[in-house]
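For the sequence shown, our numbering assigns the number 56 to the initial residue and increments by one for each residue that follows.
Reading through the structure tokens given below for one structure.
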Amino acid sequence: MSGQNLMASSTIVDTDIIIDVGRGIPEAVNCMQELKSTSRLAISIVTQMELIVGCANKSELRTLEKFLQQFDVVTIDPPISDKAVDLLRLYRLSHCLLIADGLIAATAIIWNYPFISKNQRDYRFIQNLNLLPYPYKKA
56 MSGQNLMASS
66 TIVDTDIIID
76 VGRGIPEAVN
86 CMQELKSTSR
96 LAISIVTQME
106 LIVGCANKSE
116 LRTLEKFLQQ
126 FDVVTIDPPI
136 SDKAVDLLRL
146 YRLSHCLLIA
156 DGLIAATAII
166 WNYPFISKNQ
176 RDYRFIQNLN
186 LLPYPYKKA
């Protein structure tokens, strides 16, 4: 699904949380349940690619594809690409921002969606990123 079909109340979920949900980690499972009760869930296409690369066989890939049906997938467009380049210029040398993390953060910033990641330290320095706390608890 392209980003144009997303609802205004979506939350972008990072790869690390989805991996932990797949492993049955209670903290991640609870986090996803809390988020689902207040917003639609979305992932960057970069997250989708990272998860596919992590599959060891076709069975895991089928399971992953079924699981990902609950998420809207936001594709990379020119504004996201441009923002990711800006973020890398700002934060690559000072904070070791990685390309994938830059693209995922840029997606959340451009769409003005909250973003949640278990790895808070990878994102907390990024200006204009609405980084939700992890573990997430709705107010």
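No residue lacks a Cβ here, since even glycine has one placed at the ideal position from N, Cα and C.
For the putative contact between residue i and residue j, defined by C-beta atoms under 8 Å, what is the C-beta separation to the nearest angstrom?
i	j	result
Phe126	Leu158	About 16 Å; that fails the 8 Å criterion.
Leu143	Ile154	7 Å
DSSP puts residue i in a beta bridge; with which residues?
i	result
Leu187	Ile171
Arg95	Ser65
Determine the contact status of residue i and residue j, defining contact as a CB-CB distance below 8 Å.
i	j	result
Pro169	Thr66	yes
Val129	Thr162	yes
Ile107	Val68	no
Could you check the C-alpha separation between residue i and residue j for me, to the nearest Å?
i	j	result
Arg176	Lys113	33 Å
Ser57	Pro81	Below a pLDDT of 50, predicted positions are generally treated as unreliable, and Ser57, at 46, falls in that range; no measurement from the model is reported.
Leu187	Ile171	5 Å
Met87	Leu145	31 Å
Lys91	Ala160	20 Å
Gly77	Tyr191	17 Å
Tyr189	Val101	21 Å
Counting only runs of 4+ residues fully inside the region 104-184, write out the alpha helix (DSSP H) ranges in chain order. 113-123, 133-150, 154-166
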